[in-house]
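Q: In terms of full-length UniProt numbering, the sequence shown opens at residue 1 and continues consecutively.
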Amino acid sequence: MTKTILTFGDSNTYGTPPAHARGENRRFGPETRWPTVMLSELGEGWALIEDGLPGRTTSRADPVMGAHMDGQLGLRIALESQGPIDLLTIMLGTNDLKTHHGASVDQVVAGLAGLVGIARSEPYQTRHNGFDILLIAPAVVLEQGTYRDGLLGAQTKSRDLPFAIAQLADHWGLPFLDAGMHIRPSPVDGLHFEAQDHITLGRAIAAKVASL
């Protein structure tokens, strides 16, 4: 029986390459993006639904990009428009650290807790006949490159985020993976992964999924 994974995240799940200028709209191909690399590594018996939205936050409307960047709205839409799923991966928190959101580490984790609460709620679990959740801490943010101006203080907070997310995962009894243990974002824009890092991360997440 085929198992389905829904990968829920932001531009680093969508597959945005490092940007040399603002406003670029590019995407790595399926041979490179970590969700599709993960699927390839897992082999037969698995299906994939990719849901990466550039700019998505854990729980915040974006004053520039729009209200639909609120991940809690997006997750409800995904869980009602897709499925049934067997596993949900969540890798979010990077965009919450943008200067104009002003979110602390605790506030980012609170947003993730809201996402977990939605996903584990009885209506959605029943709708999908039950599914597991893998929390993935995003890699550290670098305050350099293309998006440096909008990332004041983000690097320091992003270093503390994996431990805080790991605590949340432990509290909920959820599996956890720290992307930063495997990759780092490109210094070109401080946020996005190079092609080889996508491949490395996809393989690491596939190994974690296979062990669940």
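Note that CB positions come from ideal geometry on N, CA and C, so glycine has one too.
Mind checking who residue 55 pairs with in its DSSP beta bridge?
A: Here residue 55 corresponds to residue number 55 of the sequence shown, with the count starting at 1. None; residue 55 has no bridge partner.
Q: Relative to the C-alpha of residue 55, which candidate in 195, 42, 8 has its C-alpha closest?
A: To locate residue 55, count along the sequence shown from 1; it is residue 55. That would be 8, whose Cα lies nearest to the Cα of residue 55.
Q: List, from N- to C-terminal side, the beta strand (DSSP E) runs of 3 residues or more that fit wholly inside the UniProt region "Disordered" (1 to 29).
A: Counting whole runs of 3 or more residues, the UniProt region "Disordered" (1 to 29) contains the beta strand (DSSP E) stretches 3 to 9.
Q: Report all residues from its chain with a CB closer than 8 angstroms to the CB of residue 137; omit the five preceding and five following residues, and keep chain order.
A: Locating residue 137 in the sequence shown gives position 137, where the first residue counts as 1. Excluding sequence neighbours, residue 137 sits near 91, 93, 161, 162, 165, 166, 176, 177, 178, 179, 180.
Q: Could you tell me the distance, in whole angstroms, from the CA atom of residue 187 to the CA atom of residue 142?
A: Indexing the sequence shown from 1 puts residue 187 at position 187. Indexing the sequence shown from 1 puts residue 142 at position 142. Cα-Cα distance, rounded: 7 angstroms.
Q: For the beta strand (DSSP E) containing residue 91, name the first residue and the last one.
A: Here residue 91 refers to the residue found at position 91 when the sequence shown is read from its first residue. 87 to 91 is the extent of the beta strand (DSSP E) around residue 91.
Q: Under the three-state reduction of DSSP, which class applies to residue 145: helix, strand or coil?
A: For the purposes of this step, residue 145 is taken as residue 145 along the sequence shown, with counting starting at 1. Correct three-state label for residue 145: coil.
Q: For residue 116, count the other beta carbons within 10 Å of its own beta carbon; 16 or more makes it buried, fewer makes it exposed. Which is it?
A: For the purposes of this step, residue 116 is identified with residue 116 of the sequence shown, where counting begins at 1. Residue 116 should be labelled buried.
Q: Quick one: is residue 183 buried, meaning 16 or more other Cβ sit within 10 Å of its Cβ, or exposed?
A: On the sequence shown, position 183 is the one that residue 183 refers to. The residue is buried, with at least 16 neighbouring Cβ atoms inside 10 Å.
Q: Does DSSP put residue 152 in a helix, in a strand, or in coil?
A: For the purposes of this step, residue 152 is taken as the residue at position 152 of the sequence shown. Residue 152: coil per DSSP, three-state reduction.
Q: Pull up the distance between the alpha-carbon of residue 148 and that of residue 189, whole angstroms please.
A: Along the sequence shown, one-based indexing puts residue 148 at 148. Along the sequence shown, one-based indexing puts residue 189 at 189. Near 7 angstroms, if we compare the C-alpha coordinates of residue 189 and residue 148.
Q: Per DSSP, residue 46 is paired with what?
A: Reading the sequence shown from its first residue, position 46 is the one you call residue 46. DSSP, once it has assigned bridges, lists 3 as partnering residue 46.
Q: At what residues does the alpha helix (DSSP H) containing residue 77 begin and finish?
A: As a working note, residue 77 is residue 77 in the sequence shown. That run of the alpha helix (DSSP H) goes 71 to 81.
Q: Quick check: the stretch 73 to 90 against the stretch 43 to 55, are at least 3 beta-carbon pairs closer than 8 angstroms?
A: Flag = yes, the stretch 43 to 55 and the stretch 73 to 90 touch.
Q: Please name the residue in 193, 199, 207, 203 whose C-alpha comes closest to that of residue 16.
A: Within the sequence shown, the letter at position 16 stands for residue 16. Residue 193 is the option with its Cα nearest to residue 16.
Q: Could you tell me the distance, in whole angstroms, from the CA atom of residue 1 to the CA atom of residue 131?
A: Residue mapping note: residue 1 aligns to position 1 of the sequence shown, counting from 1. Residue mapping note: residue 131 aligns to position 131 of the sequence shown, counting from 1. Residue 1 and residue 131: Cα-Cα distance of roughly 15 angstroms.
Q: Once the 5 residues before and after residue 37 are set aside, which same chain residues still bring their CB inside 6 angstroms of it?
A: Here the question's residue 37 lines up with position 37 in the sequence shown. The residues are 199, 202.
Q: Less than 7 angstroms between C-beta atoms, sequence neighbours within five positions excluded: which residues of the same chain meet that for residue 10?
A: For the purposes of this step, residue 10 is identified with residue 10 of the sequence shown, where counting begins at 1. Correct list, in chain order: 52, 53, 54, 55, 56, 92, 94, 95.
Q: So residue 75 packs on residue 118, CB below 8 angstroms; how close in whole Å?
A: Indexing the sequence shown from 1 puts residue 75 at position 75. Indexing the sequence shown from 1 puts residue 118 at position 118. With 8 angstroms as the limit, residue 75 and residue 118 qualify as a contact, their Cβ atoms being about 6 angstroms apart.
Q: Express the C-alpha separation of residue 113 and residue 60 in angstroms, rounding to a whole number.
A: Here residue 60 refers to the residue found at position 60 of the sequence shown. Here residue 113 refers to the residue found at position 113 of the sequence shown. Roughly 13 angstroms separates the two Cα atoms.
Q: In whole angstroms, give me the CA-to-CA distance for residue 185 and residue 191.
A: For the purposes of this step, residue 185 is taken as residue 185 along the sequence shown, with counting starting at 1. For the purposes of this step, residue 191 is taken as residue 191 along the sequence shown, with counting starting at 1. Distance between the alpha carbons of residue 185 and residue 191 is about 5 angstroms.
Q: Among the candidates 39, 97, 68, 207, whose CA atom is the shortest distance from the CA of residue 6?
A: Reading the sequence shown from its first residue, position 6 is the one you call residue 6. Selected option, being the one with the closest Cα: 39.
Q: Contact check, residue 146 vs residue 21 under 8 angstroms by CB: the rounded distance?
A: Within the sequence shown, numbered from 1, the residue matching residue 146 stands at position 146. Within the sequence shown, numbered from 1, the residue matching residue 21 stands at position 21. Confirmed, Cβ separation roughly 7 angstroms.
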